[in-house]
Amino acid sequence: MAFYWKSPPKGYLKMNTDASCKGNPGKASYGGIIRDESGGWVKGFHGKLLGLYTPLEAEAWAIIEGLKLVKKFGFRKVLVETDSVAAMQLFSFGHLHQNHPMQDVIEEGLETLLEHECVIVHTRREGNECADKLAELGGRQMRDCNVIHTPPTEVVKLLLKDRFGENWKRVTRLSEHPLWALPLKTIESYASAPIKSLPLHHHRPVCAPLMPPIGFLHHQPSSRGYLLQPPRLVILH
-4 MAFYWKSPPK
6 GYLKMNTDAS
16 CKGNPGKASY
26 GGIIRDESGG
36 WVKGFHGKLL
46 GLYTPLEAEA
56 WAIIEGLKLV
66 KKFGFRKVLV
76 ETDSVAAMQL
86 FSFGHLHQNH
96 PMQDVIEEGL
106 ETLLEHECVI
116 VHTRREGNEC
126 ADKLAELGGR
136 QMRDCNVIHT
146 PPTEVVKLLL
156 KDRFGENWKR
166 VTRLSEHPLW
176 ALPLKTIESY
186 ASAPIKSLPL
196 HHHRPVCAPL
206 MPPIGFLHHQ
216 PSSRGYLLQP
226 PRLVILH
């Protein structure tokens, strides 16, 4: 059974975090993404850790840096997802040893979790691909932490994949007029805009016996042909 990223409950934001570690211990970087209930981009972040870290320490720092962002922008009701069970447990009461080397920063993170009504949970790697890519990009940075206000090009396709979920395979089967024929800026806008604001049209094809039943995505043609007018997306089902 395939696993996909799932949007948070209504009224919540979702923050996914991840880390990349080249060794145990080794050089490490981290990244994360905050999205709204429709899967739209809110904020992102990534950075490089100075020194050597274990994978668990790197995963914990990814969560900590994300919680700093939550506090900085005053976000509330945030569902925090990590694909590291051990890192999740560090932020659960009863799983932090008194002499843990990261005790102070983790306790500060716990305070943010409580004050901003955040919940930390575990997710599978398949539901954490955007954060994984941002962690990879963080390894290329010179600064400790970079706040990202718009989706990086390398993350756009993953954002769309998360938004379409189980329909993604049908979306990417297009060959004649694929989504990627759209201008990059248009794709980026679709990756970050709320679903309800996208120019989507839902209708049933009249003569299309071989058409996939749902989630088939293509451009809406105009009388002059494709892409001569502002492109629109159509979902047939």
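Going by our numbering, 119 is the number at position 124 of the sequence shown; the sequence numbering is gapless.
A virtual CB, placed ideally from N, CA and C, is assigned to each residue, including glycine.
Reduced DSSP secondary structure (H/G/I, E/B, other) of residue i
i    : result
F276 : Residue 276 cannot be examined here, being either before or after the span of the chain that is shown, -4 to 232.
F86  : coil
G235 : Since the first residue shown for the chain is -4 and the last is 232, residue 235 is missing from the structure and cannot be characterised.
G69  : coil
W38  : The sequence as given places Lys at residue 38; Trp does not occur at that position. Residue state, collapsed to three classes: strand.
K63  : helix
S5   : What sits at residue 5 in the sequence shown is Lys, not Ser. It is coil, neither helix nor strand.
H197 : Model confidence at H197 stands at a pLDDT of 37, short of 50, so the residue's coordinates are unreliable; what they give is reported in the following sentence. If DSSP states are grouped into helix, strand and coil, H197 belongs with the strands.
Host beta strand (DSSP E) of residue i (start-end)
i    : result
E76  : 73 to 77
L30  : The question names Leu, but residue 30 is Arg in the sequence shown. It spans 21 to 30 - the beta strand (DSSP E) in which R30 sits, taken as one unbroken run.
N141 : 141 to 143
H117 : 114 to 117
Residue-chain proximity (residue i, chain C), Cβ-Cβ < 8 Å
i   : result
G61 : Among the chains in the structure shown there is no chain C, since it carries only a single protein chain.
Close beta carbons around residue i, own chain, < 8 Å, minus the five adjacent residues each side
i    : result
L108 : L62, V75, F86, V114, I115
Y7   : E32, K72, V73, L74
G34  : W0, S2, L154, D157, R158, I190
I101 : A55, I59, L85, F86, L91, H95
Same chain, Cβ closer than 7 Å to residue i, neighbours up to 5 away in sequence not counted
i    : result
L105 : F86
A82  : L51, E54, A55, I58
N141 : F40, H41, G42
Euclidean distance between Cα positions of residue i and residue j
i    : j     : result
N94  : F(-2) : 37 Å
K128 : E149  : 8 Å
M10  : I29   : 4 Å
L64  : K38   : 9 Å
D13  : A126  : 5 Å
K152 : P146  : 10 Å
E103 : G160  : 34 Å
P4   : R120  : 20 Å
K67  : I143  : 14 Å
K96  : N123  : Here the sequence assigns Pro to residue 96, which means Lys is not the residue at that position. Roughly 27 Å separates the two Cα atoms.
T49  : K17   : 9 Å
G21  : L47   : 5 Å
W36  : E60   : 18 Å
G134 : D99   : 25 Å
G69  : N19   : 35 Å
The alpha helix (DSSP H) enclosing residue i, as first and last residue numbers
i    : result
D13  : Taken as a continuous stretch (DSSP letters only), D13 belongs to no alpha helix (DSSP H), being part of the beta strand (DSSP E) at 8 to 18.
E106 : 98 to 110
T148 : 148 to 159
Residues near residue i in its chain [Cβ-Cβ closer than 6 Å; skip 5 each side]
i    : result
T118 : E76, D78
Q136 : G42, K43
E131 : S15
V80  : H117
D139 : G42
H111 : V65, R71
- Is the stretch 16 to 31 in contact with the stretch 43 to 51, if contact means three or more CB pairs nearer than 8 Å? Touching, yes, given that three or more Cβ pairs across the two stretches are closer than 8 Å.
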